[in-house]
Every structure is written in structure tokens, then in C-alpha cells.
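J.: Handing you this structure, nothing more for now.
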Amino acid sequence: MEKLVINGGKKLHGSINVKGAKNCALKVMAASLLTDGVFNIKNVPEIEDVFRLQEILKDLGCKAKRHKKGEWSFQADNIHKIELDKNLVPKLRSSVLLIGPLLTRFKKVKMPHPGGCAIGKRPIDIFISGFKTLGAKVKCDEQGYIFEAKQLIGAKLAFPKISVTGTETMMMAAVLAKGKTTLINSACEPEIKALADFLNSLGAKISGAGTPTIEINGVEKISGGSFTVIPDRIEAFSFLALAVATNSHLEIKKCNTEHLTIPLLVLKEMGVKMKIGNDNIKITDASCLTAVNVTTHEYPGFPTDCQSPLTVALTRAKGESYVSETIFEDRFLYTDFLRRMGADIQMINQQKISITGPSVLTGKKVESPDLRAGIAMVIAALMANGKTEIDNIYQIDRGYENIDARLRRLGADIKREKYI
Ligand code: EPZ
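Counting along the sequence shown from 1, when you hit position 313 you're at 1150 in my numbering, and nothing is skipped either side.
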């Protein structure tokens, strides 16, 4: 096992480069199953979720190769099984992305129950009803699900709830379906448009990605091709929150500020002064912070994945802030650890908290309930006085490449320790 040991309470300095987006890379990797052509993907983050997904793809027979740091190729020209590995799938919720490409190309998929995680039960009812709308048969037993369809048939598919991977999975399934599919009430995340633009460059016929209505005209096949993963907007905000929480004049580089409109607006409302370029943001003053009232919302609203880093930064804001979580039912578990560190956070109800500041945090033993709560713990530890130990850091390594080494370069007193 590994833990992070952090001595906080000091300002950081310098700049940090944002890596490729986890929530873009995973989808393009899954899309490689749609063709026997080669996918060459650059700017892939070196994170555990990528390593897990390539293991699952390899287990199916896909050739997955890491050529050098950040550069991978995938080729699904020899898929020899359609049953997803029952030991690997529960480690990666995003395995659900594989159902669409596998079903539409290989007509059958066996998928073990994906399992929930610390932020909610994570059902897949939207996927099941979506595939049925496209003509698939879906059986469920204690082992998991069996999806079957001789040929998926294009249809009008309205999502009852906005689902990011639901939109992506159905969009990929529709690429090789017969006829036209219209996805209604789709998610609008930039990663979805990036995936659609790439698939179109390979011969797919997708229009409207990035808006609530996406139209896909099915094609016989698509080719292989090359893709560069877009910058990780959630990682970019995580580092902005770190700068604000530690009152450090950091520069966040290699990001795409167009994908951060609302998060940047919230920071401005808090009184943070920034210099904002196209691909970089420099915090110039975060000394006086005022309380705000933020509600998470599907893109382009304030992202649920930015909720926990923001909450930590708000412990420094003067007054009473409110944060409401509308996407996941269990995404405030980490606040127990922040209270242990001295934060004045009250649960108003399961979906809303108040944060009264400013409060001074003190280092404690904590852990990472989920990926984004994990980075929130790192931010809290770096602003707290004294030593913090963070356990269960696999959760952080799932989505943040080499986080301790990158933060040390900003002057953070952080080290990774192994223990039995
Ligand atoms: C994606 O998860 C992201 N993951 C999540 O990021 C992100 O928090 C989430 O979208 C919301 O923005 C990836 O892209 C790999 P949803 P996803 O389906 O697609 C409910 C991170 O930290 N729902 O948009 O799994 C669901 O329970 C991760 O990087 C159903 O009810 O989320 C949730 O309440 C965490 N039935 C809401 O919809 C379904 O069949 C939105 O979930 C599917 C989802």
C-alpha cells in the first residue's frame, strides 16, 4: 500500500503543465474497438484508469502498445472474446464505454456488474434502455448482463437523465448501426465533441456533438487514425483550487480555458485575480476571498468533479458559502475528513453543505474516498499547518499523473511512502 505524507502551511510557486484529459483518453481508447484499423493516440495521461482500460482491451484481444510516455497505439483486428473480465471491470466504472463499440461490431457482449463507487450507486439503466431502443436484447443475471443484437438499428433515443458516458456509448454504438440515430438530451461535455470529431475524421457521420441533440448516420465501417487527447479541464481546476487554497501565485499551463468558463467565473466571484490566456492561467492575487453559493450542473455548468477542490478552497473564504451537489448522491463523504482537520462545514442535507470561513486547517490522518475527493485531501493537506497522511492514494493515481513529483516541483513538501 502507499500513502502521501504532506507537511503543509506554505506557499507554492512556479508553473504546472496540465496533462491529457482522463475523461477524453478513456473514450477514444474504447472507440478503438469500432474498427480493425490502428488508433495512434498522443498526450495520454499516465494514470491508473488508462492502465486498467488497456488491460481490459488487451484481455479482449486488442493490441494495446505504449510506445513512449503519453503515446499509445490500439488495434482491435483480432478480438477473440466478447466477455469482459469479471476481475478487471469492477476496478473501472468506465468499462461501460466498451459495450457500445463491442455490441455494434461483434453483435454480443457479456458485461459483469460494473459496481458502484464512493460517490454513488452508479446504475446503468440508461445504457440498458438505450441499447434496447437500438434493437438489442438485454439479459441480466447475478453474473452481470448479456447484450445481443444481429444489427443495431438507428432510432430516436431520448435520455431520461443527462449521462456523459451514456451519451458517448450510444454515440459509438450508433456509428455502425443501420440508419439514422438521434440522441436527445445528450451530455455536452467537450470530451464528447472531441470524440465525435475524431470519429468523423475516420469516416463516421456524427453531427451536433457538444449540443443536447446528436445525429449519427450509421456507416459500414470506419478506419484507424491519429488523435491527441485534449487538456484535462478538471485537473486544471484542481490546480487552480490548490493555488487559491494556499494563496500561491501559480501558473497553470497547457490547459484550454474555453472549457473552464463557469469554474473561472466562480473563482472571480470569490475575489480571485487571474491573468487568463487561451492555454494558461496565472493566479495573481488570492489573498482576500469572499463566500459564494455554487451548484454543480452538467456542462457547461460548474462540474461535479470540481466540487471537492472548490470546497477546500472555500474554507479560506470570509463568510458562509454553500455548495450544492446535483449530479451524484454521495459526493460529500470527504467533508468528514475536512471537519477533522478543522473546517467548519455543515451538512444542510445530503445534497448541500455550508462552509464557514476563514478557518485554519490542521494536518491529520485522512484518506481518499474517490478520485476527486483524493485531490481535495491533497489540497487541504498543503494548506493545513502540520503533517497530513493521506491513505488509499490509488484513487488519486487513477486520475492524476505522478502527482507528488509534480507538486514537489512547486515547492510542496510531499512524499509517497510504501507501507505493508
Ligand atoms: C462521467 O461519469 C465522468 N467519468 C465522471 O467523472 C463525471 O463526474 C460524470 O460524468 C458527470 O460529469 C468519465 O467520463 C469516465 P453520468 P458518468 O452518467 O458518465 C446517473 C471523474 O472523477 N446515471 O454523467 O459515469 C448517475 O448515477 C469521474 O473523472 C443513471 O442514473 O456519469 C449520475 O447521478 C467521476 N443511470 C448521473 O446520471 C445511468 O445509466 C450522471 O452520471 C447512468 C448514469
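Every residue, glycine too, gets a C-beta built ideally from N, C-alpha and C.
1. Can you tell me the Cα-Cα spacing of E920 and T1006, whole angstroms?
2. For a test of your reading of the model: does the CB of I1315 fall under 7 Å from any non-hydrogen atom of ligand 1? Yes or no.
3. Between which two residues does the beta strand (DSSP E) harbouring K900 extend?
4. Could you name the residues of the same chain whose beta carbon sits closer than 7 Å to that of K906, not counting the 5 residues immediately before and after it, in chain order?
5. Return yes when the Cβ of I990 is within less than 8 Å of the Cβ of G1016, no when it is not.
6. Comparing the CB of V1001 with every heavy atom of ligand 1, is any distance shorter than 7 Å?
7. Just list the residues that DSSP pairs C977 with in beta bridges.
8. Hey, is L1208 close to ligand 1, as in C-beta under 7 Å from one of its heavy atoms?
9. By the DSSP assignment, the beta strand (DSSP E) with N1093 in it spans what residues?
10. In whole angstroms, give me the CA-to-CA distance for D1069 and K1252.
11. Look at the alpha carbon of T1048 and the alpha carbon of A1024, and state the distance between them as a whole number of angstroms.
12. Would you check if the distance between the CB atom of L849 and the CB atom of A1249 is smaller than 8 Å?
13. Under 7 Å from any heavy atom of ligand 1, does the C-beta of T1193 make it?
14. Would you identify the three-state DSSP class for E1106, choosing helix, strand or coil?
15. Check whether the Cβ atoms of V1109 and I1118 sit closer than 8 Å, and answer yes or no.
16. Using C-beta distances below 7 Å, list every residue in its chain close to K1091, excluding the 5 sequence neighbours before and after it, in chain order.
17. With E1028 and C899 assumed to form a contact (beta carbons below 8 Å), what rounded beta-carbon distance in angstroms separates them?
18. Taking 7 Å as the cut-off, is the beta-carbon of N860 closer than that to any non-hydrogen atom of ligand 1?
19. Using alpha carbons as the reference points, say which of P997, D978 and I956 lies closest to T1258.
20. Which same chain residues, not among the five before or five after A1031, have their C-beta less than 7 Å away from its C-beta?
21. For K895, which residues in the same chain have their Cβ closer than 6 Å to its Cβ, ignoring the five residues on either side in sequence?
22. Would the beta-carbon of R1070 be found less than 7 Å away from any heavy atom of ligand 1?
23. For the stretch 1121 to 1194, which segments carrying the alpha helix (DSSP H) assignment without a break, of at least 4 residues, lie completely within its bounds, in sequence order?
24. Just confirm the distance between the C-beta atoms of C1143 and P1100, as a whole number of angstroms; I'd bet it's less than 8 Å.
25. Alpha carbon to alpha carbon, what distance is there between I1230 and L841?
26. When the Cα atoms are used, what is the spatial distance from G1223 to V1001?
27. Please give the ranges of any beta strand (DSSP E) in the stretch 969 to 1051, keeping only runs that are unbroken, at least 3 residues long and fully inside the region.
28. Flag D1234 as yes when its Cβ comes closer than 7 Å to any non-hydrogen atom of ligand 1, and as no otherwise.
29. At which residue ranges does the stretch 909 to 935 contain complete beta strand (DSSP E) runs of 3 or more residues, listed in the order of the chain?
30. For the beta strand (DSSP E) containing E1226, list its first residue and its last residue.
31. Would you mind sorting Q980 into buried or exposed? The rule is 16 or more other CB atoms within 10 Å of its CB.
32. If you follow the beta strand (DSSP E) that D1207 is part of, which residue opens it and which one closes it?
33. Between the alpha carbons of P1146 and S1075, how many angstroms are there, rounded?
T.: Working from what's here:
1. Numbered from 1 along the sequence shown, position 83 holds the residue referred to as residue 920. Numbered from 1 along the sequence shown, position 169 holds the residue referred to as residue 1006. If you take the alpha carbons of E920 and T1006, they lie about 17 Å apart.
2. Any property of residue 1315 remains undetermined from this structure, which presents the chain solely from 838 to 1257.
3. Counting from one through the sequence shown, the residue named residue 900 turns up at place 63. Element bounds for K900: K900 to K905.
4. Here the question's residue 906 lines up with position 69 in the sequence shown. Closer than 7 Å at the Cβ level, and outside the excluded window around K906, lie E883.
5. For the purposes of this step, residue 1016 is identified with residue 179 of the sequence shown, where counting begins at 1. For the purposes of this step, residue 990 is identified with residue 153 of the sequence shown, where counting begins at 1. Their beta carbons are under 8 Å apart, which means G1016 touches I990 by this criterion.
6. Counting from 1 along the sequence shown, the entry for residue 1001 is found at position 164. Flag set: Cβ of V1001 near ligand 1.
7. Translated into the one-based positions of the sequence shown, residue 977 becomes position 140. Y982.
8. Stepping through the sequence shown from its first residue, residue 1208 is reached at position 371. Yes, Cβ of L1208 sits closer than 7 Å to a heavy atom of ligand 1.
9. In the sequence shown, the residue the question calls residue 1093 occupies position 256. Note, N1093: premise wrong, no beta strand (DSSP E); not H, not E.
10. Numbered from 1 along the sequence shown, position 232 holds the residue referred to as residue 1069. Numbered from 1 along the sequence shown, position 415 holds the residue referred to as residue 1252. Distance between the alpha carbons of D1069 and K1252 is about 24 Å.
11. What you label residue 1048 is simply residue 211 of the sequence shown in a count that begins at 1. What you label residue 1024 is simply residue 187 of the sequence shown in a count that begins at 1. Distance between the alpha carbons of T1048 and A1024: 7 Å.
12. Indexing the sequence shown from 1 puts residue 849 at position 12. Indexing the sequence shown from 1 puts residue 1249 at position 412. A contact, by the Cβ cut-off of 8 Å.
13. Start at 1 with the first residue of the sequence shown, and residue 1193 comes out as number 356. Not under cutoff, so the answer is no.
14. Along the sequence shown, one-based indexing puts residue 1106 at 269. Looking at E1106 - three-state DSSP - the assignment turns out to be helix.
15. Indexing the sequence shown from 1 puts residue 1109 at position 272. Indexing the sequence shown from 1 puts residue 1118 at position 281. The answer is no: Cβ separation not under 8 Å.
16. The residue given as residue 1091 occupies position 254 in the sequence shown. Answer for K1091: N854, V855, P1068 and D1116, listed in chain order.
17. As a working mapping, residue 1028 is identified with position 191 in the sequence shown. As a working mapping, residue 899 is identified with position 62 in the sequence shown. Going by Cβ atoms, the distance from E1028 to C899 rounds to 21 Å, so no, they are not a contact pair.
18. Sequence index remark: in the sequence shown, residue 860 carries index 23 (1-based). Under cutoff, so the answer is yes.
19. Since the first and last residues shown for the chain are 838 and 1257, residue 1258 lies out of range.
20. Locating residue 1031 in the sequence shown gives position 194, counting from the first residue. So the list reads C861 and I1067, once near-sequence residues are dropped.
21. Here residue 895 refers to the residue found at position 58 of the sequence shown. If we look at K895 and ignore the five residues flanking it on each side, its Cβ neighbours are A901.
22. What you label residue 1070 is simply residue 233 of the sequence shown in a count that begins at 1. It does not: the Cβ of R1070 is nowhere closer than 7 Å to a heavy atom of ligand 1.
23. 1144 to 1151 and 1172 to 1177
24. In the sequence shown, residue 1143 corresponds to position 306, counting from 1. In the sequence shown, residue 1100 corresponds to position 263, counting from 1. Contact flag correct, Cβ pair sits at about 6 Å.
25. Walking along the sequence shown from the start, residue 841 turns up at place 4. Walking along the sequence shown from the start, residue 1230 turns up at place 393. C-alpha separation (whole angstroms): 7 Å.
26. Residue mapping note: residue 1223 aligns to position 386 of the sequence shown, counting from 1. Residue mapping note: residue 1001 aligns to position 164 of the sequence shown, counting from 1. Spanning the two alpha carbons is a distance of roughly 39 Å.
27. 974 to 977, 981 to 985, 993 to 995, 1017 to 1021 and 1042 to 1044
28. By one-based count along the sequence shown, residue 1234 stands at place 397. Flag unset: Cβ of D1234 not near ligand 1.
29. none
30. Residue numbering aside, residue 1226 sits at position 389 when the sequence shown is read from its first letter. Where E1226 is concerned, the enclosing beta strand (DSSP E) stretches over G1223 to D1228.
31. Along the sequence shown, one-based indexing puts residue 980 at 143. Classification of Q980: exposed, given that the 10 Å Cβ count is below 16.
32. To locate residue 1207, count along the sequence shown from 1; it is residue 370. Element bounds for D1207: n/a, residue is neither H nor E.
33. The residue labelled residue 1146 in the question sits at position 309 within the sequence shown. The residue labelled residue 1075 in the question sits at position 238 within the sequence shown. Looking at the two C-alpha atoms, the distance is approximately 6 Å.
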